[in-house]
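Here the numbering used here is used: the first residue of the sequence shown is 141, the next is one more, and so on. Yeah, the Cβ is synthetic: ideal placement off N, Cα and C, and Gly gets one too. Note that the structure is a prediction, hence the values are computed from the model and not measured. Taking it in order: structure first as structure tokens, then the write-up.
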Amino acid sequence: ELNTGQLRLLVRAKYLVDAQGLNKIYGKPFLVHELVRTTRNQAAVPVAVKCRILDDERATADWVQQVAAAGPVYMTVHCRTPSQRSSHPAHWQSAAAIKAMLPNMPVVLNGDVFTLEDAQRAYAETACDGVMAARGLMENPALFQGFAASPLECVREYVQLAATSGERVGTMTRTLMYMLHGRLTVCDRQLLCTMRSVPALVALLEAYDLLQYFVLAKEEVISVRSPLLKVTRMHQVLKMMLYLLSTYNSY
């Protein structure tokens, strides 16, 4: 898949990407057309395209039609402009308009899909052929199976796979922040961020089964302001600090 939002990182050719980055790419659809066509002809693999919409609907239509003429197998539409951040609401109807323009090509919608209900609604409202989630799947890899949040077993499996595949501790910590979104207090997040190695992070999680603790702390019918829960958290923090001090030299 050729992600036009990342071409500035993948293609360093001066004629394609200059200081204006994305704006230049979207201002020259014929170059993306040639990139898709050449890749298809020389790589002998299916080529897809992921793009954003433009501020002007007519410019979006022209860009999409020129790129589609190169023959990508499908097109994914991120329903925001190049300058819009993820905090800006995605404009799903733009994907619907592009699908109407390309009735014979699969079109996939991307943007603001965080639950299975979001995906079903996007599919129904736009007539797109598929729905893509990015941040939604970071928070909940089981999203398309209908889970409202990351199942605990899914989080544990991620930790195991990441720890045995050479993942960096910073990446693991950030991913855990996503997967445990809404379940961690500020104290919890700060504590996880103090881990400086993957073995230390994994050992800490395994030693006190913190994954189970985080989930139960959220699911128990006890207010976060409850003195009992505060004492429980303080006890956990003290145990973790003692554990880290006792194992520091091992890492």
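Check, Outcome
"Alpha carbon to alpha carbon, how far is C268 from A343?", "45 Å"
"So, is C333 buried or exposed, given that buried needs 16 or more other C-beta atoms within 10 angstroms?", "exposed"
"How is the alpha helix (DSSP H) around L332 delimited, first residue to last?", "V326 to C333"
"On the three-pair Cβ rule with 8 Å, is the region 302-321 touching the region 279-291?", "yes"
"Please determine if the region 183-193 and the region 216-223 are in contact, where contact requires at least 3 C-beta pairs separated by less than 8 Å.", "yes"
"Return the CA-CA distance between E293 and D202, expressed in angstroms with no decimal places.", "46 Å"
"From the DSSP output, in three-state form, read off G251 for me.", "coil"
"Once you ignore the five residues that flank V361 on each side, which residues in its own chain have a CB closer than 6 Å to its CB?", "With a pLDDT of 35 at V361, under the threshold of 50, the modelled position of this residue cannot be trusted; read the value that follows with caution. For V361, where only same-chain residues beyond five positions count, there are no Cβ hits under 6 Å."
"From this set, H231, F287 and T266, which residue's C-alpha is nearest L256's C-alpha?", "F287"
"Report the residue ranges of all alpha helix (DSSP H) runs contained in full by the region 272-340; include only those spanning at least 4 residues, in chain order.", "275-279, 292-304, 309-319 and 326-333"
"To the nearest angstrom, how far is it from the Cα of R266 to the Cα of V253?", "Inspection of the sequence shows that residue 266 is occupied by Thr rather than by Arg. About 13 Å."
"Whose CA, out of R296, L194 and M241, lies closest to the CA of H231?", "L194"
"Expressed to the nearest angstrom, what Euclidean distance is found between the alpha-carbon atoms of E346 and P186?", "43 Å"
"Whole angstroms is fine: what's the gap from A264's alpha carbon to V247's?", "13 Å"
"What number of angstroms, rounded off, separates the C-alpha of R177 from the C-alpha of N244?", "18 Å"
"In terms of alpha-carbon separation, which member of R261, P339, C327 and A210 lies closest to L301?", "P339"
"Report buried or exposed for E141, applying the criterion of at least 16 other Cβ atoms within 10 angstroms of its Cβ.", "exposed"
"If we ignore side chains and look at the alpha-carbon of each, how far apart do R221 and L249 end up?", "According to the sequence displayed, residue 221 carries Thr and not Arg. The straight-line gap from Cα to Cα measures roughly 14 Å."
"Check whether the Cβ atoms of M335 and V309 sit closer than 7 Å, and answer yes or no.", "yes"
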